[in-house]
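Undergrad: Counting from 1, position 120 in the sequence shown corresponds to residue 120 in my numbering; the numbering is continuous, with no gaps.
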Amino acid sequence: MDWLSTLINGLLLGGLYALFGLGLALVFGVMRVVNLAHGEFIVLGAYAGFFLVGWFSTVPVWAMLLPVVLIGYVFGWVLQATLLNRAVRTGNVLTPLVLTFGLSVLLRNGMVEVFGADSRAVDAGALGSASMNLFGMSVGVYPVLMLLLAMALFASLQWVLQHTEFGRTVRATADFPDVVRLMGVKPERVFCQVMGLAAAFAMGAGYLLAQRTLFTPFSGVERMLVAFEVVIIGGLGSFWGAIAGGLVLGVAQLFGQRIDSNSGSLYAHLLFLVTLMIMPKGLAGGRA
C-alpha cells in the first residue's frame, strides 16, 4: 500500500511537472527555440499570484489563476514582439539561446531587487488542505485537480492545433515560415501568439506551484531544469510526450525519495540521462 501511495503521489506531482514543460515544448515545437528564461517565467507567475491574492483577499484563491494567465500571455506577447522576434529572424539557433539565457539572468536579479530574496508561498485555503479517499488512501484534492487541469490543457491545445484555423496556421508557420509569408501570414505575429501562450502556461503553473511549496527569485533554475527534463524525456516538441515525461519524472522522484529521502531528485536526473542514452528522441520519438 505504501508503494501504491508513492506511485499515486508521484503521478500527481508529475501533473505539475507536465505543466512546467508545456510552454517549453510549445515554443520549441513552433519556433525551434529553447527558452532558457522559462524557469523565471514560472517564478514570475508565482509572484504575480502572491501579490494578487494579497491585494484582492476577498476573491477566492483559485479564481486568481485567470488573471495570472492573462498577465502571462501579455508578457510573453510583448517580449516576443519587442525582443525575441529579432533573435529568431537571424536564423542562428545560438542567438535566441544566448538571448534567453541573458534574459533569465536579468529577470532573476530583477526579482531579487524588487521582491527580495525571502521565501514566499500562497495559502491555498480550504481547498489546499482538502483530501479525498482513493484506493483506501487519503489524497489531496488540489494535486488531483492540477493533474486533471494538466490533462485538459494538453488535450485542448492538441485539439486547437489540429482542428482550428489558428492551429493550422501555427503548424504551417512552424514547418514553412517562408511559404506562409508569401500567403500573407506574418510568422512574427504567430510567434508572438505562441510565446504568449507559453508564458501564460508557465506563469499559471508557477501560481499553482506557489500553493504547494515555498519559492524565491532563485527557484527558476530548478524549475527550468525540471521543465527541460520533462520535454527531453517526452520528446522535444511533443505535447503528449511532455505530459508523459512529467508523470514519469514525478514518479521517479518520489520513488527515489522513498529509497533515499535525501536523493529523490538524483534518481529523477538519472532517469533523464538513461532516457537520453536509450531513447534520444524521447518517449514520443520527437512527434508533435
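Backbone N, C-alpha and C fix where the C-beta goes; we use that ideal spot for every residue, glycine too.
Along the chain, which unbroken stretches of the alpha helix (DSSP H) at least 4 residues long are found entirely within the segment 40-94?
TA: If we require 4 residues or more, the alpha helix (DSSP H) runs fully inside the segment 40-94 come out as 65-79 and 85-89.
Undergrad: For the beta strand (DSSP E) containing V139, list its first residue and its last residue.
TA: Run containing V139: M137 to G140, per the beta strand (DSSP E) assignment.
Undergrad: Where do the ends of the beta strand (DSSP E) carrying N35 lie?
TA: Careful: N35 lies outside any beta strand (DSSP E) and carries neither H nor E.
Undergrad: Please determine, among G237, F239, V144 and L13, the residue with the shortest C-alpha to C-alpha distance to V248.
TA: With distances taken between Cα atoms, V248 lies closest to L13.
Undergrad: Between the alpha carbons of F176 and F255, how many angstroms are there, rounded?
TA: Cα-Cα distance, rounded: 43 Å.
Undergrad: Return the chain-ordered list of same chain residues with a C-beta closer than 6 Å to the C-beta of G196, the five sequence neighbours on each side being excluded.
TA: Y73, G76 and W77, listed in sequence order.
Undergrad: Give me whichever residues DSSP pairs with N133 in a beta bridge.
TA: S138, per the DSSP bridge assignment.
Undergrad: Considering only the beta carbon of each residue, do L46 and A150 sit closer than 8 Å?
TA: First, the residue type needs correcting, since residue 46 is Ala and not Leu in the sequence shown. No, these two residues do not count as a Cβ contact at 8 Å.
Undergrad: Might you give, ordered along the chain, the residues of its own chain that have their beta carbon closer than 6 Å to the beta carbon of A268, omitting 5 neighbours on each side?
TA: For A268, where only same-chain residues beyond five positions count, the Cβ hits under 6 Å are L249, A252 and Q253.
Undergrad: Note down, one range per segment and in chain order, each beta strand (DSSP E) of at least 3 residues found wholly within the segment 94-123.
TA: With a minimum length of 3 residues, no continuous beta strand (DSSP E) run stays inside the segment 94-123.
Undergrad: Here's the rule: buried if 16 or more other CB atoms are within 10 angstroms of the residue's CB, otherwise exposed. What is N35?
TA: By the neighbour-count rule (16 or more Cβ atoms within 10 Å), N35 is buried.
Undergrad: Go through the segment 159-197 residue by residue and report every complete run of the beta strand (DSSP E) that reaches 3 residues or more, in order.
TA: The segment 159-197 contains no whole beta strand (DSSP E) run of 3 or more residues.
Undergrad: Using 10 angstroms around the beta-carbon of V105, count the other beta-carbons present and answer buried if the total reaches 16, otherwise exposed.
TA: The residue is exposed, with fewer than 16 neighbouring Cβ atoms inside 10 Å.
Undergrad: Assign G91 to one of two classes, buried (16 or more other C-beta atoms within 10 Å of its C-beta) or exposed (fewer than that).
TA: Per the 10 Å Cβ criterion, exposed.
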